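**Student:** Have a look at this one.
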Amino acid sequence: MKVRSSVFATLILMSEVIGITLFLRGFFPIPVKSSLASKNKLSDLPAEPLTGSSPNSSRLPQPLFKRVVIMLVDALREDFIFGPNGRIYMPYTRHVMERGSSLSFVAKARPPTVTMPRIKALTTGSIPGFIDVVMNLNSPALLEDNLIWQAKTAGKRIIFYGDDTWVRLFPKHFMEYDGTTSFFVSDFTEVDNNVTRHLDSTLKRDDWEILILHYLGLDHIGHISGPYSSLIQPKLMEMDDILKKIHGALVSKEAEGSLPYLLVLCGDHGMSETGSHGGSSEPEVSTPLILISPAFKRKVGLEEPGVIEQVDLTPTLALGLGLPISQNSVGHVIPGVFEELSLRDQLRLLHLNGHQLNCLLKDSMPNYEKEAGFEQYRVAEKAHGNWMKLYLEGNTSEVLSNMGKKVLKQYLEALAALSSALSKQLGKYDMYSMIAGMVFVFQLLLILLLAMPEALSAEAVVDLPVVSALLSLPFYLLCLLLASVHVLVCTSATSSCYFCTLSWGLVFAAVAFSSAMFCILVSMALRRLSPGPRSHGKVSL
501 MKVRSSVFAT
511 LILMSEVIGI
521 TLFLRGFFPI
531 PVKSSLASKN
541 KLSDLPAEPL
551 TGSSPNSSRL
561 PQPLFKRVVI
571 MLVDALREDF
581 IFGPNGRIYM
591 PYTRHVMERG
601 SSLSFVAKAR
611 PPTVTMPRIK
621 ALTTGSIPGF
631 IDVVMNLNSP
641 ALLEDNLIWQ
651 AKTAGKRIIF
661 YGDDTWVRLF
671 PKHFMEYDGT
681 TSFFVSDFTE
691 VDNNVTRHLD
701 STLKRDDWEI
711 LILHYLGLDH
721 IGHISGPYSS
731 LIQPKLMEMD
741 DILKKIHGAL
751 VSKEAEGSLP
761 YLLVLCGDHG
771 MSETGSHGGS
781 SEPEVSTPLI
791 LISPAFKRKV
801 GLEEPGVIEQ
811 VDLTPTLALG
821 LGLPISQNSV
831 GHVIPGVFEE
841 LSLRDQLRLL
851 HLNGHQLNCL
861 LKDSMPNYEK
871 EAGFEQYRVA
881 EKAHGNWMKL
891 YLEGNTSEVL
901 SNMGKKVLKQ
911 YLEALAALSS
921 ALSKQLGKYD
931 MYSMIAGMVF
941 VFQLLLILLL
951 AMPEALSAEA
961 VVDLPVVSAL
971 LSLPFYLLCL
981 LLASVHVLVC
991 TSATSSCYFC
1001 TLSWGLVFAA
1011 VAFSSAMFCI
1021 LVSMALRRLS
1031 PGPRSHGKVS
1041 L
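So this is what it looks like as structure tokens:
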């Protein structure tokens, strides 16, 4: 079949776009999202489970914290606090960790370890993808359900100082803010002074519930001279003094009988051995998370910090402030935060977190019933209902207490399984689509190279052996082989790939087209390699 070179080039270009799109479809997994476009509301939360026909209360436990201060130090590595130099770098922070009412964790951030995706993760509880790295340069407003929106909707007054990425992501969410640009990496003094200058006056006021501080100086030092620079220690000591000032102000304003405060020290991402970030090396993904509050037990001595996911902070803060958890959050509550509450309140909070994760699992995974976390949550919820029945009947025996602790453990195991399944879904590449896209593009490129002499000849005509390819035995054998591979992949894989969701008609068309391309490619290659005279621009079959 003879085709003009212009038509041939157009067809090749269109097919290449399809192949590249198929590869990108596999490389960028579909994010885990709720099917609902709206945001979670308090009125939508489920009632406490109860065995029997009596309607149960849909009440929520009272908020655990009255005031929350989030001190985010950009590029704060976990070894800057937990490492051997932690006592030198941040002495007051280490003192509070060892002798104060605090909880310490190593929070694992998921790549890409870039500021804007990390802020999204901390506020939505979801795990952004690599496409967000491009958007990091011009962050649009975040429309997804998130902690900041929920707090503002609930009437919480929020103040922000620091990296202006927050201002772009959450326009009109802060009652007061002062953004600082992050592009002048040579500045690691004024960029933090612009944040700290507001502290004295803000900490004396009582007209806010949430204060967010995002310090950029440490990140800039890392980019300029790395994590072992002589500038690192003075900067960390400066951050330590600021935390001491905030903590002292919160303690002095604590009133008898009022809800306690919560002071959060965290990093958005870590810092590599060269001072950069964005990848998945251990120093880049390991960040410290220190929670300080009189709501926690006072410790004696430094405990080994637990390891959690960074996104676990989102549902913890939401429930601690009496807010609904963001719809697309894949994190689960940090259990140590709520262990001083009554057993009923603890079970209620875990039930709410489990309900949110279960709904997200149903929306994002077709075979959600096969996930272990789904069944574990159902078992825990049923056991919770049995416990509630006995509790409301006035049972106060030790059996009830032991039963409640067992239900608590079941919930924690279910939440961990649900969170793990959703997180894996976010980071799972569709290898089938990627391989198919690469093979498709490679075939087309070879056909284009083999057809170049004809396309550039005087007649500008390409002779494609389409008919002979479609009538050849290898074509039908290849169709059978590719169809068998498709059935094998889609029946043995633990989760469906993109091709597995297509109709059999489309799949057969794709298989036939790919097989035809391969046969055409072999025919053209053999024709080029065969000896004998050739006419210019014409090749006979």
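Throughout the sequence shown, residue numbering follows this note's numbering, covering 501 to 1041 in sequence.
Don't be surprised by glycine CBs; every beta carbon is placed ideally from N, CA and C.
The structure displayed is predicted, hence computed values, not measured ones.
In the DSSP assignment, find the unbroken beta strand (DSSP E) run with G501 in it and report its ends.
**Tutor:** Before going on, a small fix: residue 501 reads as Met here, not Gly. Run containing M501: none; DSSP gives neither H nor E here.
**Student:** Please classify L564: does DSSP put it in a helix, a strand, or coil?
**Tutor:** Note: L564 maps to coil in three-state DSSP.
**Student:** Evaluate Y589 with the Cβ neighbour count: other Cβ atoms within 10 Å of its Cβ, from every protein chain shown; 16 or more gives buried, anything less gives exposed.
**Tutor:** Result: buried.
**Student:** When you compare only the Cα positions, how much space is there between D845 and G885?
**Tutor:** Going by the C-alpha atoms only, they are around 14 Å apart.
**Student:** Mind checking P549: buried by the 16 CB within 10 Å criterion, or exposed?
**Tutor:** Counting Cβ neighbours within 10 Å, P549 comes out buried, since at least 16 surround it.
**Student:** Where L892 and H855 are concerned, what is the direct C-alpha to C-alpha distance, given to the nearest angstrom?
**Tutor:** In a straight line, the C-alpha of L892 is about 22 Å away from that of H855.
**Student:** Determine, using beta-carbon pairs with one atom in the region 1006 to 1025 and one in the region 931 to 949, whether at least three such pairs fall under 8 Å.
**Tutor:** Enough Cβ pairs lie closer than 8 Å, so yes.
**Student:** So K502 and V961 are supposed to be a Cβ contact under 8 Å. How far apart are they, rounded?
**Tutor:** Between V961 and K502 the Cβ distance is about 5 Å, and since that is below 8 Å, they are a contact.
**Student:** Have a look at K656, V691, L852 and flag the residue whose alpha-carbon is nearest the alpha-carbon of D664.
**Tutor:** For D664, the nearest C-alpha among the options comes from V691.
**Student:** In whole angstroms, give me the CA-to-CA distance for K656 and L542.
**Tutor:** Each residue's Cα considered, the two are about 15 Å apart.
**Student:** Is L988 helix, strand or coil when you go by DSSP?
**Tutor:** Of the three classes helix, strand and coil, the one that applies to L988 here is helix, per DSSP.
**Student:** Thinking C-alpha only, which one of E881, K862, I792 is nearest R599?
**Tutor:** The option with the nearest alpha carbon to R599 is I792.
**Student:** How is Y911 classed by DSSP in three states: helix, strand or coil?
**Tutor:** Note: Y911 maps to helix in three-state DSSP.
**Student:** Roughly how many angstroms lie between the CA atoms of I619 and P611, to the nearest whole one?
**Tutor:** So the two alpha carbons sit approximately 13 Å from each other.
**Student:** Quick one: grab the DSSP three-state call for F1013.
**Tutor:** Of the three classes helix, strand and coil, the one that applies to F1013 here is helix, per DSSP.
**Student:** Using C-beta distances below 6 Å, list every residue in its chain close to S772, excluding the 5 sequence neighbours before and after it, in chain order.
**Tutor:** Only S781, P783, E784 meet the Cβ criterion.
**Student:** Could you check how far apart the C-beta atoms of Y715 and K566 are, in whole angstroms? I think they sit under 8 Å.
**Tutor:** Contact flag wrong, Cβ pair sits at about 24 Å.
**Student:** What is the DSSP secondary structure of I935, counted as helix, strand or coil?
**Tutor:** The answer is helix: DSSP assigns I935 an H, G or I state.
**Student:** I'd like the span of the beta strand (DSSP E) that includes E809, first residue to last.
**Tutor:** Per DSSP, E809 belongs to the beta strand (DSSP E) from 806 to 809.
**Student:** Nearest-angstrom Cα distance between G1005 and A1012?
**Tutor:** Distance between the alpha carbons of G1005 and A1012 is about 11 Å.
**Student:** Counting along the chain, where does the alpha helix (DSSP H) carrying K882 start and finish?
**Tutor:** Segment 872 to 892, the alpha helix (DSSP H) holding K882.
**Student:** Considering only the beta carbon of each residue, do L821 and P563 sit closer than 7 Å?
**Tutor:** Closer than 7 Å, so yes.
**Student:** Using the three-state DSSP reduction, which class does L905 fall into: helix, strand or coil?
**Tutor:** Before going on, a small fix: residue 905 reads as Lys here, not Leu. Correct three-state label for K905: helix.
**Student:** Locate the alpha helix (DSSP H) running through Y868, then write down its first and last residues.
**Tutor:** No alpha helix (DSSP H) contains Y868, which DSSP labels as neither H nor E.
**Student:** What does a CB cutoff of less than 6 Å around N636 pick up in its chain, not counting 5 residues either side in sequence?
**Tutor:** Residue placement at N636 is flagged as unreliable, the pLDDT there being 46, under the threshold of 50; the coordinate-derived value follows with that caveat. So the qualifying residues of the chain are V614, M616.
**Student:** Would you mind sorting S730 into buried or exposed? The rule is 16 or more other CB atoms within 10 Å of its CB.
**Tutor:** Flag for S730 reads exposed.
**Student:** Thinking C-alpha only, which one of F508, L981, E516 is nearest V939?
**Tutor:** The residue with the shortest Cα to Cα distance from V939 is E516.
**Student:** Once DSSP output is grouped into helix, strand and coil, what is the label at T510?
**Tutor:** Reduced to three states, the DSSP call for T510 is helix.
**Student:** Could you give the distance in angstroms between the alpha-carbon of G586 and the alpha-carbon of D579?
**Tutor:** Using only the alpha carbons, I get a separation of about 7 Å.
**Student:** Mapping the DSSP letters down to three states, classify N636 as helix, strand or coil.
**Tutor:** Caution is warranted here: a pLDDT of 46 is assigned to N636, below 50, making its placement in the model unreliable, and no coordinate value can be reported.
**Student:** Looking only at DSSP bridge pairs, what is L713 linked to?
**Tutor:** DSSP lists M571, Y661 as partners of L713.
**Student:** Using a Cβ-Cβ cutoff of less than 7 Å, which residues in the same chain neighbour L743 once the five nearest sequence positions on both sides are dropped?
**Tutor:** Excluding residues within five positions, the ones whose Cβ falls inside 7 Å are M571, Y592, T593, L765.
**Student:** Any idea what DSSP makes of S897, helix, strand or coil?
**Tutor:** In the structure shown, S897 sits in coil (DSSP, three-state: anything other than H, G, I, E or B).
**Student:** With a threshold of 16 other CB atoms inside 10 Å of the CB of V573, please say whether the residue is buried or exposed.
**Tutor:** So V573 ends up on the buried side.
**Student:** Figure out for me which residue from L841, S725, R1027, M952 has the closest Cα to the Cα of F508.
**Tutor:** Comparing Cα-Cα distances from F508 to each of L841, S725, R1027, M952, the minimum goes to M952.
**Student:** At which residue ranges does the region 670 to 749 contain complete beta strand (DSSP E) runs of 3 or more residues, listed in the order of the chain?
**Tutor:** List check, beta strand (DSSP E) in window: 676 to 680, 710 to 715.
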